[in-house]
Structure formats: structure tokens, C-alpha cells
Amino acid sequence: MTSQENSHTPIYITGAGAILPNPDPQIIEFNELGAEMVARCHPASISEDAEVSNLSGWRRLSRGQKMAVQAAYHAIEAQPIASESKDRVAVLVGTGFGETTETAAFLSNLVHKQEAEPKPQRFINSVHNSMTAAVAIAFGFQGENRTFLQGSASFECALGEGARLLQLGKADHALVGAADLISPYAILAREKHTTENLGEGCAFFHLTHEPIHSSISIRILHASSRLLSSSRPEWITQAHEYLLDSIEKSGRNLAEIDVIIVDNSNIVPHIFGNQTHPPVYSYAKHTGWFPSRSAFGFYFAVKSIRTNQFRSLELLVGTVPSQIKTILLLNGSTEGHLAISILTSL
Amino acid sequence: MSKEEIVVTGIGIASACGLNPADFWNNLLQGKCGLSPLSRFPSKRCDRYLVGEISSGISGLGKQPGSDCDRLTFYAAAQAAHSALLDSSQIDRRRIGVVLGATTGGVRNAERYLEEAIMGKPDARLFQFYPASQSAHRLAQRYKWSGPCLTTSDACASGASAMASGCNILRCGDADVVIVGGVDALTRITLNGFQTLLVMDKEGCRPFDKKRKGMCLGEGAGILVIERRSHAAARRVTALARILGTGLSCDAGHMTAPDENGDGLLRAIQIALKEAQLSPDQISYINAHGTGTVNNDLAEAAAMKRCFGAAVPPFSSIKRFIGHTLAAAGAIEAVTSVLALIHQTLPPNLGFDEIDPAIGLSPITEARHSSVQYVMSNSLAFGGSNVSLIFGKEPAI
Chain W
642 MTSQENSHTP IYITGAGAIL PNPDPQIIEF NELGAEMVAR CHPASISEDA
692 EVSNLSGWRR LSRGQKMAVQ AAYHAIEAQP IASESKDRVA VLVGTGFGET
742 TETAAFLSNL VHKQEAEPKP QRFINSVHNS MTAAVAIAFG FQGENRTFLQ
792 GSASFECALG EGARLLQLGK ADHALVGAAD LISPYAILAR EKHTTENLGE
842 GCAFFHLTHE PIHSSISIRI LHASSRLLSS SRPEWITQAH EYLLDSIEKS
892 GRNLAEIDVI IVDNSNIVPH IFGNQTHPPV YSYAKHTGWF PSRSAFGFYF
942 AVKSIRTNQF RSLELLVGTV PSQIKTILLL NGSTEGHLAI SILTSL
Chain C
1165 MSKEEIVVTG IGIASACGLN PADFWNNLLQ GKCGLSPLSR FPSKRCDRYL
1215 VGEISSGISG LGKQPGSDCD RLTFYAAAQA AHSALLDSSQ IDRRRIGVVL
1265 GATTGGVRNA ERYLEEAIMG KPDARLFQFY PASQSAHRLA QRYKWSGPCL
1315 TTSDACASGA SAMASGCNIL RCGDADVVIV GGVDALTRIT LNGFQTLLVM
1365 DKEGCRPFDK KRKGMCLGEG AGILVIERRS HAAARRVTAL ARILGTGLSC
1415 DAGHMTAPDE NGDGLLRAIQ IALKEAQLSP DQISYINAHG TGTVNNDLAE
1465 AAAMKRCFGA AVPPFSSIKR FIGHTLAAAG AIEAVTSVLA LIHQTLPPNL
1515 GFDEIDPAIG LSPITEARHS SVQYVMSNSL AFGGSNVSLI FGKEPAI
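The listed protein sequences derive, respectively, from chains W and C.
Position in the first sequence counted from 1, then plus 641, gives you the working numbering.
Position in the second sequence counted from 1, then plus 1164, gives you the working numbering.
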């Protein structure tokens, strides 16, 4: 891993928490850009659980920081981390844009008011790693604190590095997450794809070497990402090779994979061609678009393996499987990244 | 897991003090400060502030479309790739990864968009290059390097943490070669942001000096090519230095202020020393983060004193030469560390006149020839992130 490819040390997910996009779309107005922008959006609901909102400093956190702290809290609920281990807890977050709502607000103020009234707190919050740092501060985690940006593969970059830290013995626990917020800059950067609804949210996963209970823990067999060719024919060839290589390194074969989970891209037919493959589910309609939404595919996969059933996912190809033991997650586009994760029950 | 040594086989740089490693190094040794009054864009709040601008202008580094960070990255990466013979070696490009530290990315494009919006017709295409991950992405696709591609955004420690991630990728066998580094360009948002936090010195920073008043910003890119020693040997490329240890930690205390006792940085240093299997007394030189802010320099000095006791090695900060280049800082300082090992010379700390009793340490203020075996390079950042890197002299050089 980024794969478990060079290690015999298994890595388990012992907890998962998520702040999901609200299924009901809302109208959000952005005035930061001078001209009003309106979009159909699915903002996340932050419920402010009592246990979380009592954490020191909660009220001062930004929206993104609150999402991160709350999702992280739920990820470690099942296996609380002892205080003496806190310097061995790494926090890693993938995000496409960071808290760019804060960036937009700070910058809009600068430009429209000729630098007269910049607000320092907005600048602090706009730094990409502020959500990651907020988690460390909230729970006292003193291990590596890392933030990864890589468009739609941001979550998998964090996941891969978390796995590497565990494999190299640089951490005992890796709290790996992803977070993105609806923002005007995200809309502008996504100009070509505005037909899709916009979402936001945050998910965290607690990774360790030790499973806590077979019905709760999930094993990561493989997690990696590559930036493939921008030429579609080359991409298809590379993606097919990469998939076969990843499945082989996971110690499974294609027949042992029960389900494939993707976003709404058309990568499955490109990669598999006419080859028979497991049923394909998508999480796209549930999440709307945001760069790190593949973390929700991961979250749904964890939940599905635990409960042996699918909820909230759309069946794109094939029939409902009789069991959900091993899941292949594909996240990518035919112009660049491809991330491959394989999860299985214990 | 591979425990094989990791070596640096190529370096590249773009900075206010030089647009290649040779010029950069010569200017450092000659004490030539690269700071100049801000001219890149108008700023009411930061007018005439000294900054580390690329004097020829970033557009002079390349005409291809993209953000300022993209151009800086391509410019420095081309040097690094050339010096590591990547362009002539037969390397499986699927086994070449890219890990780049970045914070601002195309923020300047967003600023231009808003500036144009005031005039009436903004160009939304400016946002095509907005994400800070674009530089790594475009660099990898430009050279068809299709291994892992990551952008680390750990604020001012991003360039150093990218080095650590690159080493992790090599140790886990996920790539054979990794292009690591950091990049950031000057923007209105960073200038104003740090100014509102009251941590800027408009006359330029004075790291570790008693009268230091704050930092000054700069822009640039530092890129290194790293690989396992056996891989470098197999393709007959000369190793420039060894990377012996990487240590990372988080203060987990405050979003912006470093721990005043240097606890977090000390832990990062200790992790790096342990990984390098070195004792503190073996470190020949420390390339300090040394931003020139009151808090940073106090915390950093506290960590150094706690680790090294009364025998703190010679140390210096290069921030007065090029400004604080944010995500590029750790990478440019890594290049500086490699150059110190190659040339067996320590670069000076500009801007230091008077010892601060609260710090109780004096950096070196003149370039100094020395036997340099092991160099430590430290970085601290927003969010409480700390990174310590340890480089070793390459025996063959």
C-alpha cells in the first residue's frame, strides 16, 4: 500500500465516522465573488453531539473544523485511544480545496474593501491543514499531522500515507479522513461539471494493526493511487494493468470480489471492457460532487461489509450480491488519477 | 519494507537568491540578500514590504498556461530531473512518483478573478489552475511519471513533509524514484493574512536577533530527486547526499503559536535522530526554520537547547536571503542542506546583530568552511506541525 504489497503487516479499520451531505438540496447564495452565484447544493448537517460540542474550544471552530472533529470523534468511539499513546496517533486528511469558503471570504474582503478589513481568523481557517490540526488539538494527538490535496484522489493519498506510517512503524494509530465544503471556488474550479449537484462532508477512519472485534473490524487488503496518462487509450491500458496488479497484490482474484463501488464515472467499462465483473454500485447520487467524496464510498463499503447489505447506494450494473465480504473501490477519471482500494471482512 | 539507504540524486531551485543551485549557493556564501520591495502586485497594506520575489518575474520562467506555482515547479523540477539524469536514463516511468508541498497553488488566479470582477468581466477559466494540487499533477503528467502523485499541504512544513512522504513511498516499495519538493508564490492573501496576524517585519526578517520583529515572505520552489541507493547505483547516477532520518510531530496545542518550550519540535528531532541512528553530538550543522518571529525563534531555540544541551551545533536560517517561502521553505532548505554537505561549507544567517537573552544562542553570521558530515533541517508550521530531516554526506563526494 500505499499498498499492503510489500508488507505482511495487516491493517484494520476499527472505526468510522461521517458527516454526510443532506439528501435534500438547498439553495445557497454566494456573494463573495461580487456577482451572486446560486447553486443547488447538499450541505452537510452538523448535529453537534453533546459529547463533541463539550470539547474545549468547540465554539471557536470553523464549520469545516467542526465537521472534522465530529467525524473523527465517531471514528474513535469504538476503540478509544489511551492517553499514553497519543504521540503515536497520526492524523491524515485528504481534501480537494480545504476550507476554501474561508479563503473566499477573506479574499473577497481584501479585494472589495481594498485590504481595509481583513479578518485574521478567516486567514487562519483558510490554511489547508486547519481541519487536520483541529482534530489533533481536540483530542491531543501528537503524531504526524498531515494534509493531502490531489483532486478526486485526495482521500486515497491520505489513506495511502496512513497505511505507510503504520507499516513503517511510524504510528500505532492512523486517523485517516477526508473533508470538503461547498464553496464558490469549488464551483468555479468545477466549471465544466456544474450539471451535477454539489455536496460536502467529512469522513474519518481509525486504522490500526489490531482488530478489536471481527464484526466491527474491516481489513484493508490494498489501497493505492496512481496518476495515469492523460491520453485516454494509454490510460485504459495502464488502468487495466494497474487493476490486475492491485488485485494480485491484495491476495485475492476478481472472482472473490463481491462488489465494485465507484462514483459516477464511466471507468468500469473502460477498465474491464467486455470482461465479466462483479456488480457495480455508485454513491454519487447520495453525495453530490465534491473532490473527496470517494471517502464516502469507502465509508459505505465499511458499513456494507459490517451489515452485509447495501444502503444508500445505487446499483449501476449487475444484480444484488448474496454476500458482501470483499469490496473493490475504484475512483478515478479517464484523464488522470486512478485509486484502487480493496476491503474485506475478517 | 526496505531499510536501504535513500539518496538524493538531483536538485533544482528557483528563488529570489538564484534560479539554479550554483547561483543560489554562491549568493548565500557571499551574503547577497535577495529581498526587494514588493512589486508583483499592488498592496495598500503591504506596500514596499521587503519580500523575496523572483526578480525576473515568474512569467519569465515559462510561457505555458498555469499558475505561478506551476511555472516555479516546472522550472526547478527540470533542473532536478536533468541533474539526476532522469531525462536520459531508462527508468520505468510508472515507478516514478511526485510528492510536492504546496499551500497557495493558484490563489493568485483567484485574486486576479476578483480583481477582474471589479472591472466587470472576470474570466472563470482562471480557476482551472486554482487547486494547489495542480502543480504536482501537471508536473507528473508533463513527464509521464505515473507513480504515486501527492500534494502535501502542511502549511510552512509542507516542503519538508513532502520529503518525508517521498522517503516513505520508497521504503514501502511504492516507487523507485520520487520527485519531492515544495513550491509557493507570493499572493495578496498570504501577505495580508500574515500581516493581520502581526507577524511581519516590513524591513525584512532578522532570524534569532534580539530586535527581530517578524517574518518576510518569499516565493520559490525547491525540488529534489530521491531514490534507493541500489537504484541510483544501477543506473550509474551520482548520489549527492543521503537522507538518513525524517521525524514528524504535532504540538496539538494551538492553531498558530508554536509550543514555547519546543516540545513538539524536540519530539520530531528525536524521531529523526533515532531513525538516522545518530546521537545529537554527531550533527555538524542545523539549517533552522528561523522565520524571525518572536515565537518561532524562541520555540525553535528551546528545542535545540533541550536536544543539544550546551553544545548546540552551528546553525543558521536562510530566510533573510529569500524570505519565508512557505511550502517551498522546507524543500529549499533541504537543497541548502545538500549543498552544505557537497561544499563542506555552512551558509550564514543574515540579519543577526545582537543575541537575544531569551534565546541565548547565536547563529553563524559568516559563511564557514567546515567538516560537515550530518545536517539537520527543521521546519515548524501552522497547526503545530513539526518536521526534522537529517541528511548525511555522501562518501564518494
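Ideal placement from N, C-alpha and C gives every residue a C-beta, glycine not left out.
Counting only beta-carbon atoms, is residue i nearer than 8 Å to chain W?
i, result
"G1357 of chain C", "yes"
"A1274 of chain C", "yes"
"I1255 of chain C", "no"
"I1506 of chain C", "no"
"A1278 of chain C", "For the record, residue 1278 of chain C in the displayed sequence is Leu; it is not Ala. Yes - at least one Cβ of chain W is within 8 Å of the one on L1278 of chain C."
"T1360 of chain C", "yes"
"N1332 of chain C", "yes"
"T1267 of chain C", "yes"
Where does residue i sit, in a helix, a strand or coil, going by DSSP?
i, result
"E825 of chain W", "As written in the sequence, residue 825 of chain W is Pro, which differs from the Glu given in the question. Three-state DSSP puts P825 of chain W in a helix."
"K1469 of chain C", "helix"
"L1388 of chain C", "strand"
"W699 of chain W", "helix"
"R934 of chain W", "coil"
"D1348 of chain C", "strand"
"K853 of chain W", "Correcting the residue type first, residue 853 of chain W is Ile in the shown sequence and not Lys. It is coil, neither helix nor strand."
"M642 of chain W", "Low per-residue confidence applies at M642 of chain W: pLDDT is 49, beneath 50, and the placement is therefore not dependable, though the value from the model is reported in the following sentence. Coil at M642 of chain W, not helix or strand."
"Q667 of chain W", "strand"
"T1316 of chain C", "strand"
"F612 of chain W", "Because chain W here runs from 642 to 987, residue 612 of chain W falls outside it and cannot be looked at."
"T975 of chain W", "coil"
"C1414 of chain C", "strand"
"Y1294 of chain C", "coil"
"N905 of chain W", "coil"
"A676 of chain W", "Below a pLDDT of 50, predicted positions are generally treated as unreliable, and A676 of chain W, at 49, falls in that range; no measurement from the model is reported."
"V921 of chain W", "strand"
"L1117 of chain C", "What the structure shows of chain C is the stretch from 1165 to 1561, and residue 1117 of chain C is not part of that stretch, so it cannot be assessed."
"G1494 of chain C", "helix"
"H769 of chain W", "coil"
"I1564 of chain C", "Lying outside 1165 to 1561, the shown extent of chain C, residue 1564 of chain C is not represented and no answer is given."
"I1177 of chain C", "strand"
Counting only the same chain and skipping the five closest in sequence on each side, list residues whose C-beta sits under 7 Å from that of residue i.
i, result
"A676 of chain W", "The predicted model places A676 of chain W with a pLDDT of 49, which falls under 50 and marks its position as unreliable; any figure quoted below should be read in that light. Taken in chain order, the list of residues that qualify is empty."
"T643 of chain W", "Annotation note: pLDDT 48 at T643 of chain W (below 50); position unreliable, no value reported."
"M1165 of chain C", "R1335 and C1336"
Once the 5 residues before and after residue i are set aside, which same chain residues still bring their CB inside 6 Å of it?
i, result
"R1431 of chain C", "S1413"
"R1313 of chain C", "Residue identity check: residue 1313 of chain C is Cys in the sequence provided, not Arg. Excluding sequence neighbours, C1313 of chain C sits near V1262, A1300 and A1304."
"V732 of chain W", "T773, V776, A777, F782, N786 and L816"
"A657 of chain W", "A716, F846, Y940 and V943"
I want to see whether chain C comes within less than 8 Å of residue i, judged by CB atoms only; does it?
i, result
"A712 of chain W", "no"
"N770 of chain W", "yes"
"Q950 of chain W", "no"
"V961 of chain W", "no"
"A864 of chain W", "no"
"L909 of chain W", "With the sequence shown as reference, residue 909 of chain W is identified as Val, and Leu is not the correct amino acid for it. Chain C contact via Cβ: absent."
"S749 of chain W", "yes"
"R867 of chain W", "yes"
"G737 of chain W", "yes"
"D728 of chain W", "yes"
"V817 of chain W", "no"
"F941 of chain W", "no"
"L822 of chain W", "no"
Is there a Cβ from chain D that is less than 8 Å from the Cβ of residue i?
i, result
"C1336 of chain C", "Considering every chain present, this structure includes no chain D. Its protein chains are W and C."
Excluding the five sequence neighbours on either side, which residues of its own chain have a C-beta within less than 8 Å of the C-beta of residue i, listed in chain order?
i, result
"I908 of chain W", "A880, L971, G973, S974, T975 and L979"
"Q720 of chain W", "T655, G656, H847, T849 and I853"
Query raised in the report: Counting Cβ pairs closer than 8 Å, one from the stretch 1538–1551 of chain C and one from the stretch 1319–1338 of chain C, do we hit at least three?
Result: yes
Query raised in the report: If you measure beta-carbon to beta-carbon, which residues of the stretch 778–791 of chain W are closer than 9 Å to chain C?
Result: I778, A779, F780, G781, F782, Q783, G784, E785, N786, R787, T788, F789, L790 and Q791
Requested in this report: Tell me, please, whether the stretch 1330–1349 of chain C touches the stretch 803–818 of chain W by the rule of three or more beta-carbon pairs shorter than 8 Å.
Outcome: yes
Query raised in the report: Can you find at least 3 beta carbon pairs, one from the stretch 783–800 of chain W and one from the stretch 1410–1417 of chain C, that sit closer than 8 Å?
Result: yes
**Report entry** chain C contacts from the stretch 869–903 of chain W (Cβ-Cβ distance under 7 Å)
**Finding:** L869, S870, S871 and Q879
Report task. For the stretch 1362–1380 of chain C and the stretch 960–973 of chain W, state whether three or more C-beta atom pairs, one from each stretch, are separated by less than 8 Å. Result -> no
Report task. Spell out a yes or no on whether the stretch 1167–1175 of chain C and the stretch 1384–1397 of chain C are touching, meaning 3 or more CB-CB pairs, one atom from each, closer than 8 Å. Result -> yes
Query raised in the report: Which of the residues in the stretch 1301–1321 of chain C, read from start to end, lie with their CB under 7 Å from any CB of chain W?
Result: H1301, A1304, Q1305, K1308, S1310, G1311, P1312, C1313, L1314, T1315, T1316, S1317, D1318 and A1319
Report task. Count the CB pairs spanning the stretch 1348–1367 of chain C and the stretch 745–753 of chain W that are closer than 8 Å, and state whether there are at least three. Result -> yes
Report task. May I ask you to verify whether the stretch 1217–1228 of chain C touches the stretch 1506–1525 of chain C, counting CB pairs closer than 8 Å and requiring at least 3? Result -> no
Query raised in the report: Which residues, taken in chain order from the stretch 651–669 of chain W, show a beta carbon closer than 7 Å to some beta carbon of chain C?
Result: none
Report task. Check distances from the C-beta atoms of the stretch 1198–1214 of chain C to those of chain W and list, in chain order, the residues that come in under 7 Å. Result -> S1207, K1208 and R1209
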